[in-house]
Amino acid sequence: MIAVNSRRLDASEETCDEVNMIEDQEPDNKSTMEEIDSCDIKNNVIEVVHTIKPLTAMEYLCGIFKFKLVNGEILSPNKIMKMVALLFIFVYYATFLISLKAPAMKNDTDNMLRLINAVPSMVTLIHYLVSVIKASFASNLKYQNIITTLAELDQMILSNNFGDYYGKLRSTTNKYVICLIITHIIHATIFMKTQTVYLMEMCNCHLYLFQKTELLGFCTLIAMVRSRLLVLNKYLSSFVQEQEKKNVKVFTVTERICATQDKLNFIGRPSEKNYKIRDLSTIYDTIGQVCDLVNDVFNFKLFFTVLSLFMYVIVTIWISLYYYRSSDYDSNNMINVALCSTSTILTLACISFACEQLLLERKKSKILINKVIMNYGLPKTMRVQAKAFMELVESWSLRIFIYDMFSVDITLMLKFISVSTTFLIVLIQIANLI
Numbered sequence: 013m014i015a016v017n018s019r020r021l022d023a024s025e026e027t028c029d030e031v032n033m034i035e036d037q038e039p040d041n042k043s044t045m046e047e048i049d050s051c052d053i054k055n056n057v058i059e060v061v062h063t064i065k066p067l068t069a070m071e072y073l074c075g076i077f078k079f080k081l082v083n084g085e086i087l088s089p090n091k092i093m094k095m096v097a098l099l100f101i102f103v104y105y106a107t108f109l110i111s112l113k114a115p116a117m118k119n120d121t122d123n124m125l126r127l128i129n130a131v132p133s134m135v136t137l138i139h140y141l142v143s144v145i146k147a148s149f150a151s152n153l154k155y156q157n158i159i160t161t162l163a164e165l166d167q168m169i170l171s172n173n174f175g176d177y178y179g180k181l182r183s184t185t186n187k188y189v190i191c192l193i194i195t196h197i198i199h200a201t202i203f204m205k206t207q208t209v210y211l212m213e214m215c216n217c218h219l220y221l222f223q224k225t226e227l228l229g230f231c232t233l234i235a236m237v238r239s240r241l242l243v244l245n246k247y248l249s250s251f252v253q254e255q256e257k258k259n260v261k262v263f264t265v266t267e268r269i270c271a272t273q274d275k276l277n278f279i280g281r282p283s284e285k286n287y288k289i290r291d292l293s294t295i296y297d298t299i300g301q302v303c304d305l306v307n308d309v310f311n312f313k314l315f316f317t318v319l320s321l322f323m324y325v326i327v328t329i330w331i332s333l334y335y336y337r338s339s340d341y342d343s344n345n346m347i348n349v350a351l352c353s354t355s356t357i358l359t360l361a362c363i364s365f366a367c368e369q370l371l372l373e374r375k376k377s378k379i380l381i382n383k384v385i386m387n388y389g390l391p392k393t394m395r396v397q398a399k400a401f402m403e404l405v406e407s408w409s410l411r412i413f414i415y416d417m418f419s420v421d422i423t424l425m426l427k428f429i430s431v432s433t434t435f436l437i438v439l440i441q442i443a444n445l446i
């Protein structure tokens, strides 16, 4: 991680040197990024919060209060929100203690199975308690900084030029929340039909809803970062296509009508005094900072989510092997095992797919920037800006890491399946020896 940060610093220093060289040539030129209207930023903050409002409502149902919006400003949770969060913690803690003091089973084996089955719930409960405390009392400033930076980023990319930009984003968030609610209702219904429902099992349904809501929040933020990077790529693509058209001679019989794309014409016409590519590199640098903030906020949550999901799969498989070999075999148990295992893999697939889409968009950025660099017909100053931009893209990988142990991408799901399969083989061998 230190090596990555040092490389980012070196790339930033080189970028600044090259940009300063350009500024020395034209000291009177001003970048479009120098003046940002604070009123517009407040409006953007309101729009960003409005975009994730359905997700925020789901978090409120789980007792998670990260911020409150007052006159276009993001503030910390008030005392009432913090008291409600503490009430949620007390209810869950008391419920878990009551479930542990439940009457003993008929034999020691059933008691052991019930204790083993409670291990994933304990991990999820610890995850919930720490997450609520951090969200409401400790790390809410980081989450507020993410929203504020996104609002500033929207001012840079001129999001108002894209019509109902925030409306489309909120529509996507609504679809995510609706899918989450439907899948959780189906999962909870099948679970209650196939299992004997106790007090702890009912609370587990709400805890798993919290866990999925946290992951949905992560995927939503990654999707919002990707949407901003997509706008940047549209600007680059429009410029590259415009330059490629100039190198192609087309003979037409009728008068040619050129379709203008003023909204995507961010860079403009090539000239020695054009510094818009430098502005795009500033936008990408802000995107990298937002991605780094998201990684910092969700480090602990992703780690405990992967840990609890892994333990849940292992314990569920172990219990299913026991019931399969015993006289108390019930097909309902196997249905529940298959459902839970599939739900776990799909949960990991969602976060892996979201991060993978962001990485693919970054690759498109590199391809487009490389086309600008290789276009020797452009002025030297613009190609120098593009080279500095490429170094900045190399320094910001936009890759999400879980405590620098492994990255969150499509390989995470494959590694999870591989490790789970290995443990399954080990459990089967142990079950045959017993």
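According to my numbering, the sequence shown holds residues 13 to 446 in order. Just so it is clear, CB atoms sit at the ideal spot from N, CA and C, and this is done for glycine as well. All figures in this text were calculated on a predicted structure; none of them were measured in a lab.
Got a sec? Which residues, its chain only, sit under 6 Å from I390 by beta carbon, not counting five neighbours each side?
A small fix is needed here, since residue 390 is Leu in this sequence, not Ile. Only P282 meet the Cβ criterion.
Secondary structure of K146, DSSP reduced to three states:
DSSP, read as helix, strand or coil, puts K146 in helix.
Which listed residue (Y287, I414 and H218) has its alpha carbon closest to that of I76
Of Y287, I414 and H218, the smallest CA-CA separation from I76 is found for H218.
Could you spell out where the beta strand (DSSP E) holding I86 opens and where it closes?
It spans E85 to L87 - the beta strand (DSSP E) in which I86 sits, taken as one unbroken run.
Out of M214, N83, D421 and C303, which has the shortest C-alpha to C-alpha gap to N56?
Ranked by Cα distance from N56, the first of M214, N83, D421 and C303 is N83.
Of the choices M95, I295 and L410, whose alpha-carbon is the least far from that of K375?
Of the listed residues, the one whose Cα sits closest to K375 is L410.
Within 10 Å of its beta-carbon, does I442 have 16 or more other beta-carbons around it, so buried, or fewer, so exposed?
With a 10 Å radius around the Cβ and a threshold of 16 neighbouring Cβ atoms, I442 comes out exposed.
Residue burial classification, C74 (beta-carbon count within 10 angstroms, cutoff 16):
Counting of Cβ neighbours within 10 angstroms places C74 among the buried residues, the total reaching 16 or more.
Using CA atoms only, rank isn't needed, just tell me which of I381, I194 and S293 is closest to S355.
Ranking I381, I194 and S293 by Cα distance to S355 puts I194 first.
Nearest-angstrom beta carbon gap, L162 and V302 [assumed within contact, 8 Å]
Between V302 and L162 a beta carbon distance of about 6 Å is seen, short of the 8 Å cut, so the two are scored as contacting.
List the endpoints of the continuous alpha helix (DSSP H) containing L153.
Residue range N152 to M168 is occupied by the alpha helix (DSSP H) that includes L153.
Residue from N186, Y247 and R240 whose Cα sits closest to the Cα of F278
With distances taken between Cα atoms, F278 lies closest to Y247.
Taking just the CA atoms, how far does I234 sit from A69?
Cα-Cα distance, rounded: 19 Å.
F435 by DSSP, collapsed to three states: which one?
Reduced to three states, the DSSP call for F435 is helix.
If you compare alpha carbons, which of S239, D304, M236 and Q397 is closest to Y415?
For the residues S239, D304, M236 and Q397, the minimum Cα distance to Y415 belongs to D304.
Short check: CB of T298 to CB of L165, under 7 Å?
The answer is yes: Cβ separation under 7 Å.
What residue range is occupied by the uninterrupted beta strand (DSSP E) comprising K392?
Element bounds for K392: not the beta strand (DSSP E) but the alpha helix (DSSP H), K392 to S407.
Figure out for me which residue from L371, K258, G280 and L228 has the closest Cα to the Cα of F413.
It is L371 whose Cα lies nearest to the Cα of F413.
Can you give the Cα-Cα distance for M363 and L98, rounded to whole angstroms?
One detail in the question is off: residue 363 reads as Ile in this sequence, not Met. So the alpha carbons of these two residues sit roughly 29 Å apart.
Out of curiosity, what's the CA-to-CA distance linking I190 and L351?
Each residue's Cα considered, the two are about 20 Å apart.
Member of E256, V103 and N157 whose CA lies at the smallest distance from the CA of F79:
The candidate whose alpha carbon is nearest that of F79 is N157.
I326: buried (16+ other C-beta within 10 angstroms of its C-beta) or exposed?
Answer is buried; the Cβ neighbour count reaches 16.
Identify, in the order they occur along the chain, each residue of the same chain with its Cβ nearer than 8 Å to the Cβ of N286, setting aside the five sequence neighbours on each side.
Contacts found: I279, G280, P391, T393 and M394.
Return the bridge partner residues of I414 from the DSSP annotation.
In DSSP, I414 forms a bridge with F418.
Count the other C-beta atoms from every protein chain shown that fall within 10 angstroms of the C-beta of I381, then say buried if there are 16 or more, exposed otherwise.
Answer is buried; the Cβ neighbour count reaches 16.
Specify the secondary structure class of K383 as computed by DSSP and reduced to three states.
K383 falls in the helix class under three-state DSSP.
Spatial neighbours of E35 in its chain, beta-carbon cut-off 7 Å, leaving aside the 5 residues before and after:
In this predicted model, E35 has a pLDDT of only 44, less than 50, meaning its place in the structure is not dependable; the value taken from the coordinates is given anyway. Answer for E35: no residue qualifies.
Could you tell me the distance, in whole angstroms, from the CA atom of V61 to the CA atom of K258?
Cα to Cα, the separation comes out at about 42 Å.
From the DSSP output, read off the bridge partner residues of V82.
Residue pairing from DSSP places V82 in a beta bridge opposite E85.
First through last residue of the alpha helix (DSSP H) which encompasses Y72
It spans K65 to L73 - the alpha helix (DSSP H) in which Y72 sits, taken as one unbroken run.
I'd like to know whether the C-beta atoms of F108 and L141 end up nearer to each other than 7 Å.
No.
For F310, count neighbouring Cβ atoms within 10 angstroms of its own Cβ and tell me buried if that reaches 16, exposed if not.
In the assembly as shown, F310 is a buried residue. Its beta-carbon has 16 or more other beta-carbons within 10 Å.
For F435 and K427, believed in contact at Cβ under 8 Å, the rounded distance:
Not really, about 13 Å apart at Cβ, beyond 8 Å.
If P66 and T185 are in contact, beta carbons under 8 Å, what's the gap, nearest whole angstrom?
For a cut-off of 8 Å, the C-beta gap from P66 to T185 is around 6 Å, short enough to register as a contact.
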